[in-house]
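Read the structure below first, then the notes.
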């Protein structure tokens with residue numbers, strides 16, 4: 005939609021202006037505060053609560069419960085902090101003041117799926133076994149479909165269908181893996197994987213990895229993610245920064261940390277696929293005109309970083325494993341920041357086209373600072389959070405002390421240089437230079453949106469400080 009000329013868009017009263025927003029904000033705030041309390045209290049130690057089982061599905065341990073360890077704590081921070089900030093941001097974005105989508109219709113459906121998504125992710129990362137994880141895994145698939153297809157036009161419906169089909173099909177491999185573990189061990193516990201015969205264990209790992217690759221948009225299952233940009237921008241931020249794709253990374257991390265002996269050939273294959281995924285993403289940067297699609301391909305590339313760190317951890321590099329886990333949480337905050345900055349641009353100008361935007365820094369200084377901060381962080385510029393994770397991944401590749409490790413290190417460094425150059429071009433084009441027509445009447449968004457951007461800027465700088473102690477507990481136990 006072309007930008008409207010004249011006065012800037014009105015600031016909606018009481019950011020969100022309705023009880024649905026306030027109810028969703030309250031839930032997300034309680035979830036965030038509860039998660040912070042759990043993380044502070046447990047400090048990564050294991051907390052377990054058994055809830056019960058099903059009489060017609062006997063197992064060696066309760067089917068339902070809560071299990072929180074250091075990996076769960078790391079994910080809880082990303083899921084609930086980003087969830088709260090994104091819902092806070094949504095109050096003004098999902099209003100008639102939005103020039104790109106000037107409507108407040110469908111808010112009940114939007115906030116229902118957002119709140120359900122937060123709850124599903126909490127349930128997933130706190131699952132004590134594979135059975136419960138699978139239930140919440142499928143619930144996240146449903147939520148992503150509801151948000152991707154939210155606007156209801158043909159493009160959105162097709163994108164939602166594509167994401168649903170690809171991630172659900174991959175999820176069937178997770179179900180197959182769960183069934184194989186159960187019929188061979190009588191248990192759904194993560195650790196039951198180690199009780200399997202070597203050939204069955206390898207097959208289960210392959211099945212779970214396919215499910216993880218589908219959710220985490222890894223080659224060759226990455227094509228659904230750029231299409232999913234039809235979702236409202238704050239929903240896109242949650243799906244592709246803190247929730248949907250991170251569920252796949254979480255499953256792979258849980259698998260690598262649980263398997264007593266990870267098949268080396270599979271770890272080598274997964275590291276190669278991660279590199280291919282990274283370059284599929286980064287080589288698409290320069291040809292994008294839509295800011296959100298640019299960020300989508302950046303997400304694909306950075307998911308490759310996480311999977312590479314985990315794969316090298318499975319090959320015997322604890323430094324790379326730390327780097328992959330640190331990249332997981334750092335990317336959640338940094339990519340949320342970038343998506344919400346782009347959302348502020350489209351909110352104020354009505355467009356996401358790079359070709360139509362110039363000089364926005366003069367009209368939207370806080371938004372410009374947020375995007376530049378996110379661009380520097382995602383490119384691995386010190387002292388931002390993703391510099392430290394990329395540093396550990398490169399160091400981990402060298403720690404492998406093999407020719408393949410050296411190749412991986414060189415390819416990671418080259419990807420960072422290419423990505424930095426592309427983001428620098430976008431910053432120069434969109435936020436510097438003379439004012440374009442689309443940017444002329446723009447201004448920074450309302451307080452709720454600005455608050456989310458400011459907090460995420462701080463997290464892009466400081467999240468490493470509280471993430472590393474948790475990661476130390478994950479790697480060393």
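In this note's numbering, the protein residues as written are 5 to 481. Just so you know, even glycine gets a beta-carbon here, dropped at the ideal spot from N, CA and C. Bear in mind that the values here come from a model prediction, so they are computed numbers and not experimental data.
Check, Outcome
"Using DSSP's beta-bridge definition, name the partner residues of residue 71.", "52"
"Going by CA-CA distance only, name the one from 211, 346 and 45 that's closest to residue 375.", "346"
"Considering residue 218, what are the terminal residues of the alpha helix (DSSP H) in which it resides?", "202–219"
"From residue 304 to residue 117, what distance separates their C-alpha atoms?", "23 Å"
"Nearest by alpha-carbon distance to residue 184: which of 415, 202, 247 and 169 is it?", "202"
"Which residues does DSSP list as the beta-bridge partners of residue 193?", "133"
"How far does the alpha helix (DSSP H) with residue 408 in it reach, from first residue to last?", "407–435"
"State the start and end residues of the unbroken alpha helix (DSSP H) segment that holds residue 389.", "389–403"
"Tell me whether residue 73 is buried or exposed, calling it buried when 16 or more other Cβ atoms sit within 10 Å of its Cβ.", "buried"
"What does the alpha-carbon distance come out to for the pair residue 6 and residue 50?", "Low confidence applies to residue 6: its pLDDT is 43, below 50, so where it sits in the model is not reliable, and the reading given next is rough at best. So the alpha carbons of these two residues sit roughly 53 Å apart."
"Helix, strand or coil for residue 63 per DSSP?", "coil"
"Rounded to the nearest angstrom, what separates residue 136 and residue 125 at their Cα positions?", "12 Å"
"Measure the Cβ-Cβ separation of residue 349 and residue 368 and say whether it is below 9 Å.", "yes"
"Does the region 225–234 touch the region 326–345, meaning 3 or more C-beta pairs lie closer than 8 Å?", "no"
"Assuming the contact rule is C-beta atoms closer than 8 Å, residue 129 and residue 247 should be a hit. Round their C-beta distance to whole Å, please.", "Going by Cβ atoms, the distance from residue 129 to residue 247 rounds to 10 Å, so no, they are not a contact pair."
"Rounded to the nearest angstrom, what separates residue 458 and residue 478 at their Cα positions?", "29 Å"
"Can you tell me the Cα-Cα spacing of residue 291 and residue 426, whole angstroms?", "10 Å"
"Which residues share a DSSP beta bridge with residue 357?", "294"
"Rank 153, 215, 406 and 149 by C-alpha distance to the C-alpha of residue 181 and give the top, closest one.", "215"
"Go ahead and label residue 393 buried or exposed: buried means 16 or more other beta carbons lie within 10 angstroms of its beta carbon, across all protein chains shown.", "buried"
"Using a Cβ-Cβ cutoff of less than 8 Å, which residues in the same chain neighbour residue 160 once the five nearest sequence positions on both sides are dropped?", "152, 153, 154, 234 and 235"
"How would you write the range of the alpha helix (DSSP H) that residue 154 sits in, first residue to last?", "First-last for residue 154: undefined, no H or E at that position."
"Excluding the five sequence neighbours on either side, which residues of its own chain have a C-beta within less than 6 Å of the C-beta of residue 474, listed in chain order?", "48, 74, 77 and 78"
"Return yes when the Cβ of residue 315 is within less than 9 Å of the Cβ of residue 271, no when it is not.", "yes"
"If you draw a straight line from the alpha carbon of residue 213 to that of residue 91, how long is it in whole angstroms?", "31 Å"
"Among 89, 106, 59 and 52, which has the Cα closest to the Cα of residue 451?", "89"
"Skipping 5 residues on each side, what residues in its chain have a beta carbon closer than 7 Å to that of residue 59?", "none"
"Which residues in the same chain have their Cβ closer than 8 Å to the Cβ of residue 408, if we skip the five residues on either side of it in sequence?", "272 and 275"
"Kindly provide the ranges of any alpha helix (DSSP H) runs that are 4 or more residues long and lie completely inside the region 256–301, ordered along the chain.", "268–286"
"Can you tell me whether residue 368 is helix, strand or coil according to DSSP?", "coil"
"Just to confirm before moving on: does the CB-CB distance between residue 354 and residue 442 stay below 9 Å?", "yes"
"Thinking just about the alpha-carbon of each residue, which of 67, 420, 133 and 105 is nearest to the one in residue 259?", "133"
"Could you check whether residue 383 and residue 339 sit closer than 9 Å to each other, using their CB atoms as the reference points?", "no"
"Looking only at its chain, what residues have a beta carbon closer than 6 Å to the beta carbon of residue 206, apart from the 5 residues adjacent to it on each side?", "267"
"Taking the CB atoms as reference points, tell me whether residue 352 and residue 446 lie closer together than 9 Å.", "yes"
"Would you kindly report the start and end of the unbroken alpha helix (DSSP H) that includes residue 107?", "Taken as a continuous stretch (DSSP letters only), residue 107 belongs to no alpha helix (DSSP H), as it is neither H nor E."
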